Amino acid sequence: MKLIRLAHKELKRVPVRRELRNISEAGRKHFGSWNDTILAAGLKPHRSHGHRMYKRMNAKASDGHLCDSISEAIIDNWLTKRGIVHLKGTRYPDTNFRADWVIGNTFVEYFGLLKDSPRYDREVRRKRNFCKKQSIKLVEIYPTDLYPKIALENKLNL
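In my numbering, the protein residues as written are 22 to 179.
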């Protein structure tokens with residue numbers, strides 16, 4: 022519990038399970054789930070047991086951008102901390118798609134739910150195909166680029 026509360030204090034938010042892999046499995050076994058472990062630590066979990074993984078949960082980044090997940094907020098905060106100018110939620114040209122971020126002429130997407138939902142996977146394929154046809158540079162970020170340690174420098178060519 023101390024590690025969870027310490028992470029909460031350092032991160033200024035409730036830690037996600039992937040950030041505390043070394044204790045998340047023990048917490049799940051002891052309390053029944055990660056959410057119950059978070060509750061036992063006296064914190065509020067990110068989503069209820071009934072929510073599916075692809076249900077959006079808004080989080081606010083330090084620059085005020087509304088993000089669709091804690092992971093998106095982590096990325097947005099990382100960009101802000103490094104002074105990287107970025108736009109959030111910009112539309113792809115002539116479509117209803119929205120990019121997670123646009124940095125210069127590059128579209129940046131966090132595909133955190135890839136392979137969790139056929140519908141989500143179809144949307145990812147459509148975005149990839151659109152960018153390829155329109156010669157738009159697309160940078161794809163995955164959970165492995167964030168957890169257990171943020172590794173975005175090479176991904177974003179910084």
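Glycine included, every Cβ here is placed at the ideal spot set by N, Cα and C. Fair warning: this is a prediction, and the values are worked out from it, not measured in the lab.
Can you tell me where the beta strand (DSSP E) with V129 in it begins and where it stops? DSSP places V129 in the uninterrupted beta strand (DSSP E) bounded by 127-131.
Bridge partners for L159 per DSSP, in chain order? According to DSSP, residue pairing for L159 in a beta bridge involves F128.
What do you reckon, are the CB atoms on A8 and I25 nearer than 7 Å? For the chain, the structure presents residues 22 to 179; residue 8 sits outside this window and is missing.
Candidates I91, K65, S83: closest to R103 by CA position: The candidate whose alpha carbon is nearest that of R103 is S83.
Under the three-state DSSP convention, the category T165 falls into: Helix at T165.
Out of Y168, N43, V123, which one is the CA nearest neighbour of I157? Comparing alpha-carbon positions, the option among Y168, N43, V123 lying closest to I157 turns out to be V123.
Identify the residues that DSSP records as bridge partners of K81: which are they? For K81, which the question treats as bridged, DSSP gives the partners L87.
Starting from H51 and walking both ways along the alpha helix (DSSP H), at which residues does that stretch end? Note, H51: alpha helix (DSSP H), 42-52.
Could you confirm whether any beta carbon from chain B is found closer than 7 Å to the beta carbon of D142? Considering every chain present, this structure includes no chain B. It has just one protein chain.
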